[in-house]
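> Anchor point for the sequence shown: position 66 equals 271 in our numbering, and the numbering is continuous, going up by one each time.
For glycine and all other residues, C-beta sits at the position ideal for the given N, C-alpha and C.
Sharing a structure here in structure tokens format.
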Amino acid sequence: MAELDREGASFEMGMHTEQLSGRTQQVYFSPEEAENFTYPEAFDVDFNRRTEIDAAELDSGAVNRKLRELMEQGYGTIVVKNPGAKHSLGVGILNRLQLYFEGSLGYFGCGLIDGPNVRISGRVGWSCAENMMAGTVVIEKNAGSVFGAALRGGDLVCKGDVGSRTGIDMKGGTIIVGGRTGAFSGFMMQRGRMVILGDAGVNLGDSMYDGTIYVGGKIAGLGVDAVEAEMNALDAQWLERKLRLYGLEAPRGAANMTKIVAGKKLWNYDNLEPTEKKLVL
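Encoded structure:
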């Protein structure tokens, strides 16, 4: 395995600041390991093969079974009409797929996915894309609380407003909110990046261990051990490229967003004296 470039751009952006002892959480891949990037049971689908599902008279389980059957038949583009805000739609998809929902989803939509590209024309309820590993999920309207809980990879985008605790326990990937987000967003964040183009509620980044939060609007208040950091050219360039992918722009320009990171006082919390613990909390 090649040696890491510790003078490179990723280190300048604070992406390799891990101070853990014991087994590292940093994992690197080789192009020769391509066979390990897909699941053995993944279906070989053709994006040019398109079909539709009318979910009006189907329950969530039936819709999800139908999606699997269509992927097994080789369909790579599936449109779900009339989802009716049903819960747990599009979950557990471990396959490349173009999936479109024409309408709104209920709770736990598109959770536990690894690979599909999903677009939702309506709204989503609580905990959309929980534990997402890879792929993209784009919501055209608003989202409920606990948006992207424990996200591990991929891009999760809501072009409207979202509720509280966005990205709770986030472990990687990118969350983009086109509007506002509620209280405790980024709570216990461990990795990844969160971009909030509107205002952020109180206790932003509370108890975050690592990762980066960018805010374009006002911040009602920072949480424990969350601190403001200096924006640099690499931050602005990354933001501009990422937002452009989804037709979004920072309200006052990427360079003028506020950058929030972990203060890292909680990293060695158990070793602090009682009086020091009171100061941190």
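Quick one: what's got a C-beta closer than 6 angstroms to Leu209's C-beta in the same chain, skipping five residues either side?
Position 4 of the sequence shown, counted from the first residue, corresponds to residue 209. With a pLDDT of 47 at Leu209, under the threshold of 50, the predicted position of this residue should be treated as unreliable, and no value is reported.
> Under DSSP, the alpha helix (DSSP H) around Lys271 begins and ends at which residues?
The residue labelled residue 271 in the question sits at position 66 within the sequence shown. 265-277 is the extent of the alpha helix (DSSP H) around Lys271.
> Identify, in the order they occur along the chain, each residue of the same chain with its Cβ nearer than 6 angstroms to the Cβ of Leu471, setting aside the five sequence neighbours on each side.
For this step, residue 471 is matched to residue 266 along the sequence shown. Around Leu471: Asp430.
> DSSP puts Glu307 in a beta bridge; with which residues?
Indexing the sequence shown from 1 puts residue 307 at position 102. DSSP, once it has assigned bridges, lists Lys286 as partnering Glu307.
> Taking 9 angstroms as the threshold (C-beta atoms), are Gly281 and Phe252 in contact?
For this step, residue 252 is matched to residue 47 along the sequence shown. For this step, residue 281 is matched to residue 76 along the sequence shown. Cβ atoms of Phe252 and Gly281: closer than 9 angstroms.
> Put Met431 into one of helix, strand or coil per three-state DSSP.
Within the sequence shown, numbered from 1, the residue matching residue 431 stands at position 226. Sequence inspection shows Ala at residue 431; the Met mentioned does not correspond to that position. If DSSP states are grouped into helix, strand and coil, Ala431 belongs with the strands.
> DSSP on Lys291, reduced to helix/strand/coil?
As a first step, residue 291 is located in the sequence shown; it is residue number 86 there, counting from the start. Under the three-state reduction of DSSP output, Lys291 falls in the coil class, being neither helix nor strand.
> In the structure shown, what three-state DSSP assignment does Arg449 receive?
Locating residue 449 in the sequence shown gives position 244, where the first residue counts as 1. Reduced to three states, the DSSP call for Arg449 is helix.
> Kindly confirm or deny that the segment 268-284 and the segment 299-306 touch, where touching means at least three C-beta pairs closer than 8 angstroms.
Yes, they touch.
> Might you give, ordered along the chain, the residues of its own chain that have their beta carbon closer than 6 angstroms to the beta carbon of Ile401, omitting 5 neighbours on each side?
Position 196 of the sequence shown, counted from the start, is the residue given in the question as residue 401. Spatial neighbours of Ile401 in its own chain (CB-CB distance under 6 angstroms, excluding positions within 5 residues in sequence) are listed in chain order as Val382, Thr386, Val420.
> On the three-state DSSP scale, how would you describe Ala334?
The sequence position of residue 334 within the sequence shown is 129, counting from 1. Looking at Ala334 - three-state DSSP - the assignment turns out to be coil, as it is neither helix nor strand.
> Considering only the beta carbon of each residue, do Ala455 and Leu439 sit closer than 9 angstroms?
On the sequence shown, residue 455 is found 250 positions in, with the first residue counted as 1. On the sequence shown, residue 439 is found 234 positions in, with the first residue counted as 1. Going by C-beta atoms, Ala455 is not nearer than 9 angstroms to Leu439.
> Run through the segment 376-407 for me and flag every whole beta strand (DSSP E) of 3 or more residues, listed as ranges in chain order.
376-382, 396-401
> Which class does Glu246 belong to by DSSP, given the choice of helix, strand or coil?
Numbered from 1 along the sequence shown, position 41 holds the residue referred to as residue 246. The answer is coil: DSSP assigns Glu246 none of H, G, I, E or B.
> Which of helix, strand or coil does DSSP assign to Asp251?
Sequence index remark: in the sequence shown, residue 251 carries index 46 (1-based). Here Asp251 sits in strand by DSSP.
> To which residues of the same chain is Ile344 closer than 6 angstroms at the C-beta, ignoring the five residues directly before and after it?
Start at 1 with the first residue of the sequence shown, and residue 344 comes out as number 139. Only Ile325, Val329, Cys363 meet the Cβ criterion.
> Arg324 bridges to which residues according to DSSP?
Counted from its first residue, the sequence shown places residue 324 at position 119. BP columns for Arg324 point to Tyr305, Val343.
> Quick one: what's got a C-beta closer than 6 angstroms to Phe392's C-beta in the same chain, skipping five residues either side?
Here residue 392 is taken as the residue at index 187 of the sequence shown, counted from 1. Contacts found: Arg370, Ile373, Asp411.
> Is the beta carbon of Val432 less than 9 angstroms from the beta carbon of Gly468?
Residue numbering aside, residue 432 sits at position 227 when the sequence shown is read from its first letter. Residue numbering aside, residue 468 sits at position 263 when the sequence shown is read from its first letter. Contact: yes.
> By Cβ distance below 6 angstroms, which residues in the same chain neighbour Val342 in space, the five residues on each side in sequence not counted?
The residue you call residue 342 lines up with position 137 of the sequence shown. Around Val342: Cys315, Val323, Ala334, Leu361.
> Ends of the beta strand (DSSP E) at Ala467?
Working through the sequence shown from its first residue, we reach residue 467 at position 262. Start and end: 463-467.
> In three-state DSSP terms, what is Leu361?
As a first step, residue 361 must be located in the sequence shown, where it is residue number 156. Looking at Leu361 - three-state DSSP - the assignment turns out to be strand.
> Going by DSSP, what residue range makes up the beta strand (DSSP E) through Thr371?
Counting from 1 along the sequence shown, the entry for residue 371 is found at position 166. Neither: Thr371 is in no beta strand (DSSP E) and is coded neither H nor E.
> Quick test of your reading: Asp319 and Lys286, contact by CB under 8 angstroms. State the CB separation rounded to the nearest angstrom.
By one-based count along the sequence shown, residue 319 stands at place 114. By one-based count along the sequence shown, residue 286 stands at place 81. About 25 angstroms separates the two Cβ atoms, so there is no contact after all.
> For a test of the three-state rule: what should DSSP assign to Leu444, helix, strand or coil?
Start at 1 with the first residue of the sequence shown, and residue 444 comes out as number 239. Looking at Leu444 - three-state DSSP - the assignment turns out to be helix.
> Write down the C-beta distance between Lys464 and Thr417 rounded to the nearest angstrom, noting that I regard them as a contact closer than 8 angstroms.
Locating residue 464 in the sequence shown gives position 259, counting from the first residue. Locating residue 417 in the sequence shown gives position 212, counting from the first residue. The Cβ separation is near 6 angstroms, so the contact holds.
> Name the residue from Ser390, Arg449, Gly327, Pro321 whose alpha carbon lies nearest to the alpha carbon of Gly353.
On the sequence shown, position 148 is the one that residue 353 refers to. Cα-wise, what sits closest to Gly353 is Ser390.
> Which word fits Asn347, buried or exposed, when buried means at least 16 other C-beta atoms lie within 10 angstroms of its C-beta?
Counting from one through the sequence shown, the residue named residue 347 turns up at place 142. Buried: at least 16 other Cβ atoms inside 10 Å.
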